[in-house]
Amino acid sequence: MTWIIFFCECKVRTRAIDILDYQHPAVTVDIVLFTIMQEDLKVLLVQRNTEPFMGYWSLPGGFVQMDESLETAALHKLKEKTNVDDVYLEQLYTFGEIERDPRARVITITYYALVNSEKFTLHPSEAVSDVRWHSMYQQPALAFDHQRIIELALQRLRNKLGYTTLGLQLLPEKFTLPELCRVYEIILNRQIDKRNFRKKVAFLDILEDTQETTQEFSKKPAKLYRFKQNENLEIQLGSKNVFDPKIPRSLTGQ
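Numbering (the working numbering), first residue to last: 60 to 313.
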């Protein structure tokens with residue numbers, strides 16, 4: 060028996076992938092800033108003075124330049140449009156729905172933070188008509204998908220209250236336990252068992268007694284505490300939610 064073997068020489072053409080062969084979406088950053096004012100949780104919004112959505116309120120943000128990192132761009136846009144700076148931002152989520160911006164394909168990377176509004180003086184730039192703190196529960200119509208972004212940021216904020224010391228960023232250097240408890244109640248939009256809250260704060264061991272008192276909020280002197288500076292801002296306690304916020308499904312907490 061004779062075997063005939065055929066050999067086929069196959070040549071595979073290869074070339075480096077040219078990134079210019081692909082269309083590029085624009086990249087933006089949007090920032091959700093929360094604060095507490097007048098016993099209410101508020102979010103910082105700017106009023107647009109250009110299309111699309113001229114006259115609508117939106118989150119401060121803008122396009123990322125080629126020589127900027129994402130975080131640098133976020134801090135830059137926040138300062139440029141609101142005069143707010145020196146803020147620790149945490150990345151929230153990437154939103155990339157195809158038609159989220161009527162101008163073009165735009166992907167936005169979002170950030171959020173909880174800040175003490177008394178540390179900043181708001182000042183709108185020429186890029187926006189106005190900048191204001193708005194109640195989380197009484198917002199105007201928002202541009203783009205910014206309502207969805209704010210809702211996700213609020214959910215993340217409420218979740219983090221359970222296992223971090225995030226709420227302390229809203230307090231002065233010295234504060235009372237009732238003040239701290241009130242911060243959590245406003246953000247969670249529900250009442251907290253005061254006695255249980257005190258026990259859990261004591262368990263965390265993140266506060267130190269200043270040996271000072273105040274009667275500013277009640278006739279009875281209240282102890283003043285401060286945050287232990289040598290502690291990490293985030294107190295990781297596994298999967299246990301120390302403050303047990305029981306996040307409500309709706310924004311109103313009902």
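In this text, a Cβ means the ideal position worked out from N, Cα and C, and glycines have one as well.
Inset, instruction - Please go through the same chain and pick out, in chain order, the residues whose beta-carbon is closer than 8 Å to the beta-carbon of A163, but skip the five residues on each side of it. - result: P84, A85
Legend entry - V190 (DSSP reduced to helix, strand or coil): strand
Legend entry - Local Cβ density within 10 Å of G114, reported as buried at 16 or more and exposed below that: exposed
Legend entry - Best match in D204, P199, L173 for proximity to Q228 [C-alpha to C-alpha]: L173
Legend entry - L220 versus S128 - alpha carbon distance: 28 Å
Inset, instruction - Measure the CB-CB distance between V91 and V102 and report whether it falls below 8 Å. - result: yes
Inset, instruction - At 4 residues or longer, and completely inside the region 244-285: list those alpha helix (DSSP H) runs for me, N to C. - result: 253-263
Legend entry - Beta-bridge pairing of Y138 - partner residues as DSSP gives them: The amino acid at residue 138 is misidentified as Tyr; the sequence shows Lys. DSSP, once it has assigned bridges, lists no residue as partnering K138.
Inset, instruction - Report yes if the C-beta distance between D89 and I208 is below 8 Å; otherwise report no. - result: yes
Legend entry - Neighbourhood of T272 by C-beta distance below 7 Å, restricted to the same chain and skipping five residues each side: P280, A281, K282, L283
Inset, instruction - For N248, count neighbouring Cβ atoms within 10 angstroms of its own Cβ and tell me buried if that reaches 16, exposed if not. - result: buried
Inset, instruction - Starting from K101, follow the beta strand (DSSP E) in both directions and report where the run begins and ends. - result: 99-107
Inset, instruction - Please list, in chain order, all residues of the same chain as T167 whose beta carbon is under 6 Å from its beta carbon, the five residues on each side excluded. - result: T87, D89, F154
Inset, instruction - Please list, in chain order, all residues of the same chain as I157 whose beta carbon is under 8 Å from its beta carbon, the five residues on each side excluded. - result: R164
Legend entry - Touch test, the region 176-184 against the region 202-216, Cβ-Cβ under 8 Å, three pairs minimum: no
Legend entry - Euclidean distance between Cα positions of K233 and M125: 43 Å
Inset, instruction - Can you have a look at L292 and say buried or exposed, based on whether 16 or more other CB atoms are within 10 angstroms of its CB? - result: In this predicted model, L292 has a pLDDT of only 48, less than 50, meaning its place in the structure is not dependable; the value taken from the coordinates is given anyway. With fewer than 16 other Cβ atoms within 10 Å, it is exposed.
Inset, instruction - Compute the Euclidean distance between the alpha carbons of T109 and S117, then round it to the nearest angstrom. - result: 12 Å
Legend entry - For A85, the residue or residues it bridges with in DSSP: V165
Legend entry - CA-to-CA distance, L239 to T145, given in whole angstroms: Note on residue identity: the sequence assigns Asp, not Thr, to residue 145. If you take the alpha carbons of D145 and L239, they lie about 23 Å apart.
Inset, instruction - For H182, count neighbouring Cβ atoms within 10 angstroms of its own Cβ and tell me buried if that reaches 16, exposed if not. - result: exposed
Legend entry - CA-to-CA distance, A186 to E244, given in whole angstroms: 36 Å
Inset, instruction - Enumerate in chain order the residues of its own chain whose CB-to-CB distance from T169 is below 6 Å, with the five nearest sequence positions on each side excluded. - result: D89, L151, Y152, I208
Legend entry - H198, DSSP secondary structure in three states: Before going further, note that residue 198 is Gln rather than His in the sequence given. Note: Q198 maps to coil in three-state DSSP.
Inset, instruction - Identify which residue in Q250, V242, L211 has its Cα closest to the Cα of I95. - result: V242
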